[in-house]
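The structure under discussion appears below in the form of structure tokens.
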Amino acid sequence: MSSQSPSAGALPAVSPARVLAGLCLLVPIVVVLWVPSYAKTEPRLGGMPFFYWYQLLWVPLSAVFTTSAYLLLRRDEAARKAAAAAGTVAVPAQQDGGEQS
Amino acid sequence: MKHVDWTAMTVFLLFFALVTVMGFLASRWRRADDAQHLHEWGLGGRSFGTWITWFLLGGDLYTAYTFIAVPAAVYGTGAAGFFAVPYTIIAYPLVFLFLPRLWSVSRVHGYVTPADFVRGRYGSRGLSVAVALTGILATMPYVALQLVGIQAVLDVLGVGGTGNWFLQDLPLFVAFGVLAAYTYSSGLRAPALIAFVKDALVYIVILVAVIYIPMRLGGYGHIFDAAAHKFTPDPATGKSPGSLVTGPTGQWAYATLAFGSALALFMYPHSVTGVLAAKSRNTVRRNMAILPTYSLMLGLLALLGFMAIAAGVGKGEKKFNAQLAVPQLFADMFPSWFTGVAFAAIGVGALVPAAIMSIAAANLFTRNVYKEFLKPDATPADETRVAKIASLLVKVGALAFVLVMDKQAAINMQLLGGVWILQTAVALVAGLFTRWFHRWALLAGWAVGMVYGTWRAYGVASPATKHFGGSAAKIPVIGEIGYIGLTGFVLNVLVAVVLTLVLRALKAPEGTDETSRADYSAEAGDEAVKQAPQPTLAH
């Protein structure tokens, strides 16, 4: 994701980062609620029916999506803070994903 | 009467002794200066960072009963029991949306319980006490089920089971007496510290189990073949106890149970307690990203149910208790000393959530019943004292529950508790985003959801029990079998929306809202948080 294009004053409530974060959170929910898509035995993996390994696979995948949402929102929040502090037109600084505190 | 496995027993007792010592020492761990405040005893001083919170929440949400019940369900019914996996997959992205807001507003206003927030947001004592009592009611049988978890282990170890009632339950009395004592003295710090031991044990045991047991049983292919065989319909009756993959009629139930349970998970007071004890908003968010590690463990654990089938656990025994499937599998497969480690994982796994649950219920009682209705001028020291006593009463109540009523009653009540706690979600989650809903409409919606859920659950029979035998029933209008709690939740929302429109048209008094917009996004270190009132002095 590139940085948001500078807008006048504070950032809008719906920013690309927020939308993308929302989608990241939505994906795993929709995937596992769509039961008919995985209620089958084939293909098996190491003897395990599809039904089981597919759902187990989505446990780490969901974590990847949630982590992405976290990183997106953290950057968005930093940008909002910077914009609020500047009080005027602000180009959000690129934050990289270092652990804070 | 079975013989006692002394090697396993000794290892089990050693771990028990270790966590007991840790529980008492915990009161000195990370102690702050104002130990008299409820947020010290009841929320560990709101000081836990990412890793402690991870251990604490993991130890809190993935309870000993889960470790017994999930594989037991898979053992008994196959695919239907696996819904715990999509449930825990959905839970974190779902609550990611609103838990950080709950943390922020609670931090700014010093809220200790979810009912505190409802009180502050809607200015409604009625709605707040409804949320508090629902929380207490849903938590009690959950604590009781932790005892059932310990009982299952003790049964397989060969103690308990038969004999007179006192000797039979003596180990339980001892375990819970010890638990009560260190929760009383150390508060939330005790389970937080013990959670390290519990989670380490659980990870080791499950990793060993999912590698070692299939090796002994001839691989996963063989295990699933045995399961497929068990769930093949009987040619004579056409009936089968379950299925290897959810059938077309079971898919609504599977999805609604997963979704409803996910939404309910963080409505439980003990989950909220774990979240509010975090030291920052981003700590909460980071945890939503790393907690799935536990879900993976839970998924692997569920597979143990199939391994128990393949290993022939309970085969030929007519009235085999499925709850014993996993403990029995461990005892059959592992060398004695490792069986002891595995049982310690379950036993200690019961203590951590039981402690947090009793603290959470005690916080609710103290803040939202005692201080609200009985003694409004209670000092912070009073609150802490009352909460400590209440935590004892919750545990005694849970113990009485298991001893006086039967185990089945505890299981039924816990299923019902899930249906009930979900009904508090409308007021709580909607309140974190909007003040549009009217407080009376929310109260009416809650009541409708509670009554509907209880009534429908009453009508569900299972082979084990005539009423409250399950939590799935036909959904009106849609006509599929689905989770009663979620149907109740939808009704709850509908009633709340309609009545809000009516009440707004009538200009009914809305109550005062003590929160402001910025409170919901406050982070540790912000001005608003620095000026936050001492938590127990709020209101």
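Quick note, the sequences are listed as chains A and B, same order.
Here the first sequence stands for residues 1 to 101, numbered as in our numbering.
Here the second sequence stands for residues 1001 to 1539, numbered as in our numbering.
Where is the CB? At the ideal position from N, CA and C, for every residue including glycine.
Task: Spatial neighbours of V1205(B) in its chain, beta-carbon cut-off 7 Å, leaving aside the 5 residues before and after - done: Here residue 1205(B) corresponds to residue number 205 of the second sequence, with the count starting at 1. Same-chain partners within the cutoff: V1341, A1342, A1345.
Task: Cβ-based contacts, 8 Å cut-off: residues of the segment 1076-1103 of chain B near chain A - done: Sequence-ordered contacts of the segment 1076-1103 of chain B with chain A read A1079, F1082, V1085, P1086, T1088, I1089, I1090, Y1092, P1093, L1094, F1096, L1097 [C-beta pairs closer than 8 Å].
- [ ] Return the bridge partner residues of Y1483(B) from the DSSP annotation.
- [x] Here residue 1483(B) corresponds to residue number 483 of the second sequence, with the count starting at 1. Partner(s): A1472(B).
Task: Secondary structure of F1048(B), DSSP reduced to three states - done: Position 48 of the second sequence holds residue 1048(B). F1048(B): strand per DSSP, three-state reduction.
Open item on the list: Under 8 Å, with one C-beta from each stretch per pair, do the segment 1517-1528 of chain B and the segment 1127-1141 of chain B reach the 3-pair mark?
Closed with: The segment 1517-1528 of chain B and the segment 1127-1141 of chain B do not touch, with fewer than 3 CB-CB distances between them shorter than 8 Å.
Open item on the list: Is A102(A) close to chain B? Criterion is C-beta to C-beta, closer than 7 Å.
Closed with: This structure cannot speak to residue 102(A), because chain A is shown only from 1 to 101.
TODO: With 8 Å as the C-beta to C-beta threshold (strictly closer), list the residues of the segment 1202-1221 of chain B near chain A in chain order.
DONE: The segment 1202-1221 of chain B vs chain A, Cβ under 8 Å: G1219, Y1220, G1221.
Open item on the list: Can you tell me which residues form a DSSP beta bridge with G1078(B)?
Closed with: One-based indexing of the second sequence puts residue 1078(B) at position 78. DSSP lists S1243(B) as partners of G1078(B).
Open item on the list: Within a Cβ cutoff of 7 Å, which residues of the same chain sit near Y1203(B), ignoring the five residues on either side of it in sequence?
Closed with: As a first step, residue 1203(B) is located in the second sequence; it is residue number 203 there, counting from the start. Around Y1203(B): M1297.
Open item on the list: If you follow the alpha helix (DSSP H) that L1276(B) is in, where does it begin and where does it stop?
Closed with: Taking the first residue of the second sequence as 1, we reach residue 1276(B) at position 276. Note, L1276(B): alpha helix (DSSP H), 1269-1276.
Open item on the list: Is there a Cβ of chain A sitting closer than 7 Å to that of T1616(B), yes or no?
Closed with: With chain B covering only 1001 through 1539, there is no way to say anything about residue 1616(B).
Task: Backbone secondary structure at S1124(B) - three-state DSSP - done: In the second sequence, residue 1124(B) corresponds to position 124, counting from 1. For S1124(B), the three-state secondary structure derived from DSSP is coil.
Task: CB contact flag (G1158(B), I1068(B), <7 Å) - done: Start at 1 with the first residue of the second sequence, and residue 1158(B) comes out as number 158. Start at 1 with the first residue of the second sequence, and residue 1068(B) comes out as number 68. No, these two residues do not count as a Cβ contact at 7 Å.
Open item on the list: When you compare the segment 1265-1278 of chain B with the segment 1105-1118 of chain B, are there three or more beta-carbon pairs, one atom per stretch, that lie closer than 8 Å?
Closed with: Counting Cβ pairs under 8 Å, three or more are found: they touch.
Open item on the list: I'd like to confirm the pairing. Which residues does DSSP put opposite S62(A) in its beta bridges?
Closed with: To locate residue 62(A), count along the first sequence from 1; it is residue 62. None, per the DSSP bridge assignment.
TODO: Along the alpha helix (DSSP H) that carries M1450(B), what are the first and last residues, could you check?
DONE: Translated into the one-based positions of the second sequence, residue 1450(B) becomes position 450. Where M1450(B) is concerned, the enclosing alpha helix (DSSP H) stretches over 1439-1458.
Task: Beta-bridge pairing of L45(A) - partner residues as DSSP gives them - done: The sequence position of residue 45(A) within the first sequence is 45, counting from 1. BP columns for L45(A) point to M48(A).
TODO: Quick one: residues in its chain with C-beta nearer than 7 Å to the C-beta of G1049(B), no 5 flanking neighbours on either side, listed in chain order?
DONE: Counting from one through the second sequence, the residue named residue 1049(B) turns up at place 49. The answer, listed in chain order, is K1279, T1283.
Task: Buried versus exposed, by CB contacts within 10 Å (16 or more), R1028(B) - done: As a position in the second sequence, residue 1028(B) is number 28, starting the count at 1. Answer is exposed; the Cβ neighbour count stays below 16.
- [ ] Flag this pair as yes or no: are the beta carbons of L1257(B) and Y1483(B) separated by less than 7 Å?
- [x] Within the second sequence, the letter at position 257 stands for residue 1257(B). Within the second sequence, the letter at position 483 stands for residue 1483(B). Yes, they are a contact pair.
Open item on the list: Strictly below 8 Å CB to CB, what residues from chain A border M1405(B)?
Closed with: Residue 1405(B) sits at position 405 when you count from the first residue of the second sequence. Within 8 Å Cβ-Cβ: nothing; M1405(B) doesn't reach chain A, min ~35 Å.
Task: Inter-residue Cα distance where the pair is T1066(B) and A1461(B) - done: Your numbering for residue 1066(B) matches position 66 in the second sequence. Your numbering for residue 1461(B) matches position 461 in the second sequence. Their backbone Cα atoms lie some 22 Å apart in a straight line.
TODO: Kindly examine the ligand FMN and report whether one of its heavy atoms sits closer than 6 Å to the Cβ of A1427(B).
DONE: This structure simply doesn't include the ligand FMN, nor any ligand for that matter.
Open item on the list: Looking only at its chain, what residues have a beta carbon closer than 7 Å to the beta carbon of L1127(B), apart from the 5 residues adjacent to it on each side?
Closed with: The residue labelled residue 1127(B) in the question sits at position 127 within the second sequence. Closer than 7 Å at Cβ, skipping near neighbours: V1118, A1427, R1439, L1442, L1443.
Open item on the list: Count Cβ pairs between the segment 40-48 of chain A and the segment 1219-1228 of chain B that sit closer than 8 Å; are there 3 or more?
Closed with: The way I'd put it, the segment 40-48 of chain A does touch the segment 1219-1228 of chain B; three or more beta-carbon pairs between them come closer than 8 Å.
Task: Per DSSP, the bridge partner or partners of T1465(B) - done: What you label residue 1465(B) is simply residue 465 of the second sequence in a count that begins at 1. Its beta-bridge partners are S1462(B).
- [ ] State the Cα-Cα distance for the pair L1061(B) and P1353(B), rounded to the nearest angstrom.
- [x] For the purposes of this step, residue 1061(B) is identified with residue 61 of the second sequence, where counting begins at 1. For the purposes of this step, residue 1353(B) is identified with residue 353 of the second sequence, where counting begins at 1. Roughly 7 Å separates the two Cα atoms.
- [ ] Sort M1450(B), H1037(B), G1312(B) by Cα distance to G1045(B) and report the nearest one.
- [x] Here residue 1045(B) refers to the residue found at position 45 of the second sequence. The shortest CA-to-CA distance from G1045(B) to any of M1450(B), H1037(B), G1312(B) is the one to H1037(B).
Open item on the list: If the cut-off is 9 Å on Cβ atoms, which residues from the segment 51-63 of chain A count as contacting chain B, listed in chain order?
Closed with: For chain B, the residues of the segment 51-63 of chain A that bring a beta carbon within less than 9 Å of one of its beta carbons are F51, Y52, Q55, L56, W58, V59, P60, L61, S62, A63, in chain order.
TODO: Pick out whichever of T1487(B), G1397(B), T1020(B), P1071(B) has its Cα sitting closest to the Cα of G1260(B).
DONE: Stepping through the second sequence from its first residue, residue 1260(B) is reached at position 260. Ranking T1487(B), G1397(B), T1020(B), P1071(B) by CA distance to the CA of G1260(B) puts T1487(B) first.
Open item on the list: With a threshold of 7 Å between beta carbons, is M1001(B) in contact with chain A?
Closed with: Within the second sequence, residue 1001(B) is the residue found at index 1, counting from 1. Low confidence applies here, because M1001(B) scores a pLDDT of 42, under 50, leaving its location unreliable; read the following figure in that light. Judged by the 7 Å Cβ criterion, M1001(B) is not in contact with chain A.
TODO: Could you check which residue in L23(A), A21(A), V32(A) has the C-alpha nearest to that of I1090(B)?
DONE: Taking the first residue of the second sequence as 1, we reach residue 1090(B) at position 90. Of L23(A), A21(A), V32(A), the residue nearest in Cα terms is V32(A).
Open item on the list: My output table needs one value for Q1423(B): the three-state DSSP class, helix, strand or coil.
Closed with: Start at 1 with the first residue of the second sequence, and residue 1423(B) comes out as number 423. Here Q1423(B) sits in coil by DSSP.
Open item on the list: I'd like to know if P16(A) contacts chain B, where contact means its C-beta is closer than 7 Å to some C-beta of that chain.
Closed with: By 1-based counting over the first sequence, the position of residue 16(A) is 16. By this cut-off, P16(A) is not an interface position.
TODO: Please classify F1176(B): is it buried, with 16 or more other beta-carbons within 10 angstroms of its beta-carbon, or exposed?
DONE: Residue 1176(B) sits at position 176 when you count from the first residue of the second sequence. Under the 10 Å beta carbon count, F1176(B) is surrounded by 16 or more other beta carbons and is classified as buried.
Open item on the list: Closest to Q1408(B) by C-alpha separation, out of A1398(B), K1375(B), T1465(B), would be which residue?
Closed with: Here the question's residue 1408(B) lines up with position 408 in the second sequence. Of A1398(B), K1375(B), T1465(B), the smallest CA-CA separation from Q1408(B) is found for T1465(B).
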